[in-house]
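**Student:**
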Amino acid sequence: MKAFWILVSLLFAADRSFSQSQKKDSTLSSTITNCVFVNDPQFPGGEAALLKYFSKNIKHPKIDKPLRRIILAFFIEVDGKLTNARILRSSDNTEIDKEVLRIAAASPKWSPATTGGKTIRVQYSMPLIIETSSE
Numbered sequence: 004m005k006a007f008w009i010l011v012s013l014l015f016a017a018d019r020s021f022s023q024s025q026k027k028d029s030t031l032s033s034t035i036t037n038c039v040f041v042n043d044p045q046f047p048g049g050e051a052a053l054l055k056y057f058s059k060n061i062k063h064p065k066i067d068k069p070l071r072r073i074i075l076a077f078f079i080e081v082d083g084k085l086t087n088a089r090i091l092r093s094s095d096n097t098e099i100d101k102e103v104l105r106i107a108a109a110s111p112k113w114s115p116a117t118t119g120g121k122t123i124r125v126q127y128s129m130p131l132i133i134e135t136s137s138e
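Using the working numbering, the letters of the sequence shown map in sequence onto residues 4 to 138.
(1) What number of angstroms, rounded off, separates the C-alpha of Leu75 from the C-alpha of Ser93?
(2) Just reading off the alpha helix (DSSP H) that Val103 is part of, what are its end residues?
(3) Note the first and the last residue of the continuous beta strand (DSSP E) segment covering Glu134.
(4) Taking 7 angstroms as the cut-off, is the beta-carbon of Ile106 closer than that to any non-hydrogen atom of the ligand ADP?
(5) Can you tell me whether Asp82 is buried or exposed? The criterion is at least 16 other CB atoms within 10 Å of its CB, across all chains shown.
(6) For the region 53-73 against the region 124-134, are there 3 or more C-beta pairs whose distance is under 8 angstroms?
(7) So if DSSP puts Ser93 in a beta bridge, which residue, or which two residues, is it bridged to?
(8) Go ahead and pull the three-state DSSP assignment for Phe57.
(9) Please classify Pro44 as buried or exposed, where buried requires at least 16 other C-beta atoms within 10 Å of its C-beta.
(10) Could you give the C-beta distance for Ala116 and Ile123, rounded to a whole number, given that I count them as a contact under 8 angstroms?
Here you go:
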């Protein structure tokens with residue numbers, strides 16, 4: 004009789020473990036079907052031109068550290084305009100933060116992001132390191 008109950012318990016446990024693995028598979032397939040592929044927005048001339056644009060246009064205020072790290076975020080609208088620029092991580096120097104926001108606001112139009120052949124609005128964030136000479 005003991006052997007019978009052990010066998011029933013093992014069969015019940017095996018049935019439960021099998022049904023759990025089926026749930027994982029269905030979750031995985033639904034995750035994959037919900038993926039969205041986006042072609043990223045582009046600054047005119049690419050990433051190298053974007054870095055050149057910032058370095059050419061920045062007016063370095065007097066700062067106490069030779070390196071300042073900033074994370075800038077903004078939206079690129081469907082027409083390529085840059086909007087809602089803001090600092091996600093401050094340089095701890097308000098003059099530098101304001102200067103980065105000024106340059107971002109004056110940015111030329113970007114090539115907007117697309118998905119499935121449609122132009123879309125996207126948020127873009129970029130880390131910047133502001134370096135000044137020690138002279």
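No residue lacks a Cβ here, since even glycine has one placed at the ideal position from N, Cα and C. Computed from a predicted structure; not experimentally measured.
**Tutor:** In short, the structure shows the following:
(1) On the sequence shown, position 72 is the one that residue 75 refers to. On the sequence shown, position 90 is the one that residue 93 refers to. Whole-angstrom Cα-Cα distance: 9 angstroms.
(2) Taking the sequence shown and counting its residues from 1, the one referred to as residue 103 is at position 100. Element bounds for Val103: Thr97 to Ala108.
(3) Position 131 of the sequence shown, counting from 1, holds the residue named residue 134. It spans Val125 to Glu134 - the beta strand (DSSP E) in which Glu134 sits, taken as one unbroken run.
(4) With respect to small molecules bound, the structure shown includes none, and the ligand ADP cannot be examined in it.
(5) Position 79 of the sequence shown, counted from the start, is the residue given in the question as residue 82. Classification for Asp82: exposed.
(6) yes
(7) Sequence index remark: in the sequence shown, residue 93 carries index 90 (1-based). Assignment of beta-bridge partners to Ser93 by DSSP yields no partner.
(8) In the sequence shown, residue 57 corresponds to position 54, counting from 1. The answer is helix: DSSP assigns Phe57 an H, G or I state.
(9) What you label residue 44 is simply residue 41 of the sequence shown in a count that begins at 1. Buried, since its Cβ has 16 or more Cβ neighbours within 10 Å.
(10) Walking along the sequence shown from the start, residue 116 turns up at place 113. Walking along the sequence shown from the start, residue 123 turns up at place 120. Rounded, the Cβ-Cβ distance is 5 angstroms, consistent with contact.
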